[in-house]
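Undergrad: For what it's worth, this note's numbering labels the leading residue of the sequence shown as 258, then goes sequentially.
Just so you know, even glycine gets a beta-carbon here, dropped at the ideal spot from N, CA and C.
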Amino acid sequence: MASAKTWTAALLVIGDEILSGRTQDKNVAQLATWLNVQGIRLAEVRVVPDVVEKIAAAANALRAENDYLFTTGGIGPTHDDITVDAIAAALGVEVVVHPDARAILERYYETRGGVTDARLRMARVPDGAELIVNKVSGAPGIRHGNIFILAGVPHIAAGMLDALTGTLEGGRPVVSVTLGGMVPESEVADLLRETERAHEGIAIGSYPFFRDGRVGANFVVRSESREDAQAVADLLQASMESAGYSVVMGGV
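#1: Using only alpha-carbon positions, find the residue among K283, I344 and V478 that is nearest to D307.
#2: So, with DSSP's three-state summary, where would you put E387?
#3: For L388 and Y325, which I take to be in contact (beta-carbon distance under 8 Å), what is that distance rounded to the nearest angstrom?
#4: Are A415 and Q287 touching if we call contact CB-CB under 8 Å?
#5: May I ask you to list the residues that DSSP assigns as paired with M506?
#6: Can you list the beta strand (DSSP E) stretches of 3 or more residues lying completely in the stretch 298 to 360, in chain order?
#7: Looking at C-alpha atoms only, which residue of S277, G272 and G296 is the closest neighbour of A266?
#8: From A300 to E351, what does the alpha carbon distance come to, in whole angstroms?
#9: Looking at L276 and V302, is the spacing between their C-beta atoms short of 8 Å?
#10: Taking the beta strand (DSSP E) that S499 belongs to, which residues open and close that run?
#11: Could you check the C-alpha separation between V385 and H401 for me, to the nearest Å?
#12: In three-state DSSP terms, what is I275?
#13: Do M379 and L436 have their CB atoms nearer than 8 Å?
#14: Residues bridged to H401 by DSSP?
#15: Which same chain residues end up closer than 7 Å to R471 when comparing Cβ atoms and leaving out the 5 residues on each side of it in sequence?
#16: Under 8 Å between the Cβ atoms of A460 and R483?
#17: Are N293 and P430 close, meaning C-beta to C-beta below 8 Å?
#18: What I want to know is whether the C-beta of L268 ends up closer than 7 Å to one or more non-hydrogen atoms of the ligand NAP.
#19: By the 10 Å Cβ neighbour count, where 16 or more other Cβ atoms means buried, how is P397 classified, buried or exposed?
#20: For N323, which option in Y365, R468 and N403 has the closest C-alpha, if you only look at C-alpha atoms?
#21: Comparing alpha-carbon positions, which option in Y464, T329, D485 and A488 lies nearest N475?
#22: N237 bridges to which residues according to DSSP?
#23: If you count every other CB in all the chains shown that lies within 10 Å of the CB of G370, and 16 or more means buried, which is it?
#24: Suppose contacts are defined by Cβ-Cβ distances below 8 Å. Is V382 in contact with V353 by that definition?
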């Protein structure tokens with residue numbers, strides 16, 4: 258029987274403020290978590306500056322390698338919000354004002370000073386795009402094929418993801434089981450590698466820490482099957498305990 262398809266997505270984080278350190282990105286974690294619930298793996302993240310050519314090149318590379326591409330940042334009202342222009346360039350289409358987006362902005366800003374030229378920039382989309390509902394701040398997100406253009410502000414991006422919930426094709430969510438203890442990961446590296454290699458569909462991550470003058474690690478077993486993940490975690494626990502290490506399910 259052929260193995261089930263693994264659906265993947267990439268995230269393109271856009272903005273000089275991210276690269277300069279002025280803004281700390283929070284969208285990676287929330288997108289990865291949301292994608293997993295949809296049965297999609299976040300396979301790659303890239304951060305690029307506010308340069309049309311760099312955004313377009315990265316977008317074309319990432320959308321070709323993955324089922325979905327998400328972008329965050331650069332869709333606001335200012336001159337340096339150029340994500341729409343860059344994605345349009347990547348797709349080889351024109352930038353147009355989406356009539357529904359314009360209507361949404363006109364309603365939203367009716368009692369907030371009206372739609373200015375700057376605010377109207379948030380109605381611009383690559384030609385052929387659809388809109389992603391934004392119940393938080395009015396200005397919609399944008400979907401063009403397998404590309405999803407989201408706001409950079411985390412709580413607004415979260416609202417857009419909520420609107421997309423259940424609309425993307427994906428596989429089974431990944432589940433994880435954690436165990437850990439005062440175990441130097443270098444001493445069990447071979448065991449981890451051999452266990453992962455012997456169990457198809459299982460991935461094992463090792464996360465070391467230093468506490469009270471001692472080294473230890475948590476080990477995370479991931480799989481699309483909770484039963485398989487738990488079975489491998491139980492096997493690791495038994496193997497480590499037989500080697501003289503004390504480990505606990507749930508991690509430390």
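TA: Straight from the coordinates:
#1: I344
#2: strand
#3: So it is not a contact: roughly 17 Å between Cβ atoms.
#4: yes
#5: L436
#6: 325 to 329 and 352 to 354
#7: G296
#8: 29 Å
#9: no
#10: No beta strand (DSSP E) holds S499; the alpha helix (DSSP H) holding it covers R483 to S499.
#11: The amino acid at residue 385 is misidentified as Val; the sequence shows Gly. Roughly 7 Å between the two C-alpha positions.
#12: helix
#13: no
#14: I404
#15: M439
#16: no
#17: yes
#18: Here there are no bound small molecules, and the ligand NAP is not part of this structure.
#19: buried
#20: N403
#21: Y464
#22: This structure cannot speak to residue 237, because the chain is shown only from 258 to 509.
#23: exposed
#24: yes
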